[in-house]
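What follows is one structure encoded as structure tokens, with my remarks underneath.
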Amino acid sequence: MLTAIILVLLVKTFAFTSCTIPSTGMENSLYQGERVLVNKWSYGFRVPFSIWRWLGKTAGKGDIVLFNNPNPRFPQTSVGNREVFISRVVGIPGDTLMLNDELWVTDEQVLSPDSKSLYVYSHTEEETMQAAMQQVNIQGNRLVGYAEGKYIRTFSHYEYYLLKQKLAGKVDLIPLYHKDISKSHPFVIPEKGKPVKVYPWNVTLLCNTIVRHEGRVASVRGDTLYVGGKPVEAYTFNKNYYWMASNNPVNLCDSRLFGLVPDDHLIGKAWRIWFSSRKGRIFQRVQ
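Per mature numbering (1 follows the signal peptide of the UniProt record, and there is no 0): the sequence shown = residues -17 to -1, 1 to 270.
So, in structure tokens, the structure goes:
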């Protein structure tokens, strides 16, 4: 019995860990309440009680990753003792993403058919919409808003495709931001050892990253970034960083909320579902 307990502890410490999906942020890839095995060797092994990584390597775009909160309420909390989040990598070190004023990726290639968007339709078409959702087996999809006679729901790109086929023009289902996308700007995801140029639209994000994760004193005055009391036009980072996104745009537990995620905060890649209340999902590979 003691040997079995020791073996489980060793596996949990050095090979895999488990997490429970706390919200609807990663539907339809992962559902709330499901439990997932995370491979702690995916990006090199992070030594327990430290941020040092052995045989480290870069996470891949599209990976669903478990990581520690990069912007905790109490910053003095050590990285390994912070709460954990799970999101999809949409920007890797050296990438350039086009983000709007709300930090949404506006022209990035869709990484997964499960990535969700907001859609609107007339409240008078609700009965038809409900019938169509039932016919294509979309369950538990609740209204997320109501404005000016329009209902707002979130659908994955695949769900939207199914609904458009089933509805055959009976409901005018429109992407919420299709006709009103805020002006977007290029954001370079910092790569270790390479300078990132400072612009008015990225200066706040860069400043926050430098203060939180680079251990430097930095501030913004007007549109100018000051590091160590001196104005800089570019900054060379000492770590690799990632931009994380939820599948569900209503869920804000991603980089729109906490900014860039440094590589030393990564725990591992979500591997397989080991518990689910949904039929046929146990031990499915996470993707």
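By construction, the Cβ of each residue, glycine as well, lies at the ideal position given by its N, Cα and C atoms.
None of these values were measured; they are calculated from a predicted model.
Determine, using beta carbons only, whether residue i and residue j come nearer to each other than 8 angstroms.
i: N22; j: R195; result: no
i: G45; j: R18; result: no
i: A42; j: I75; result: yes
i: T(-1); j: I265; result: no
i: W226; j: L80; result: yes
i: N231; j: G16; result: no
i: K153; j: T111; result: yes
i: V73; j: V233; result: no
Going by C-alpha to C-alpha distance, which of the options sits closest to residue i?
i: K213; options: N221, V203, K153; result: V203
i: Y143; options: S100, T107, Q122; result: S100
i: I193; options: D246, P158, Y218, P169; result: Y218
i: L20; options: S260, S259, A253, R199; result: A253
i: V48; options: W87, S25, Y104, R36; result: S25
Buried or exposed: where does residue i fall if 16 or more other Cβ atoms within 10 Å of its Cβ makes it buried?
i: R125; result: exposed
i: D155; result: exposed
i: A130; result: exposed
i: N51; result: buried
i: V(-10); result: Only weak support is given to the placement of V(-10): the predicted model assigns it a pLDDT of 38, under 50, and the value that follows is read from those uncertain coordinates. Exposed, because fewer than 16 other Cβ atoms sit within 10 Å of the Cβ of V(-10).
i: D237; result: buried
i: A201; result: buried
i: R29; result: buried
Below 8 angstroms CB to CB, which residues in the same chain sit around residue i once its five sequence neighbours on both sides are set aside?
i: Q118; result: K149
i: K222; result: P173, K175, H196, E197, P245, D246, D247
i: E66; result: N51, N52, P55
Residues in its own chain within less than 7 angstroms of residue i by CB, not counting five upstream and five downstream?
i: residue 274; result: Here the chain has residues from -17 to 270 only, and residue 274 is not among them.
i: P169; result: T79, M81
i: W37; result: G27, F28, V30
Which residues in the same chain have their Cβ closer than 6 angstroms to the Cβ of residue i, if we skip the five residues on either side of it in sequence?
i: L86; result: R239
Q | the stretch 180 to 194 in contact with the stretch 205 to 223 per 3-pair CB rule at 8 angstroms | A | yes
Q | Any 3 or more C-beta pairs closer than 8 angstroms across the stretch 131 to 138 and the stretch 96 to 111 | A | yes
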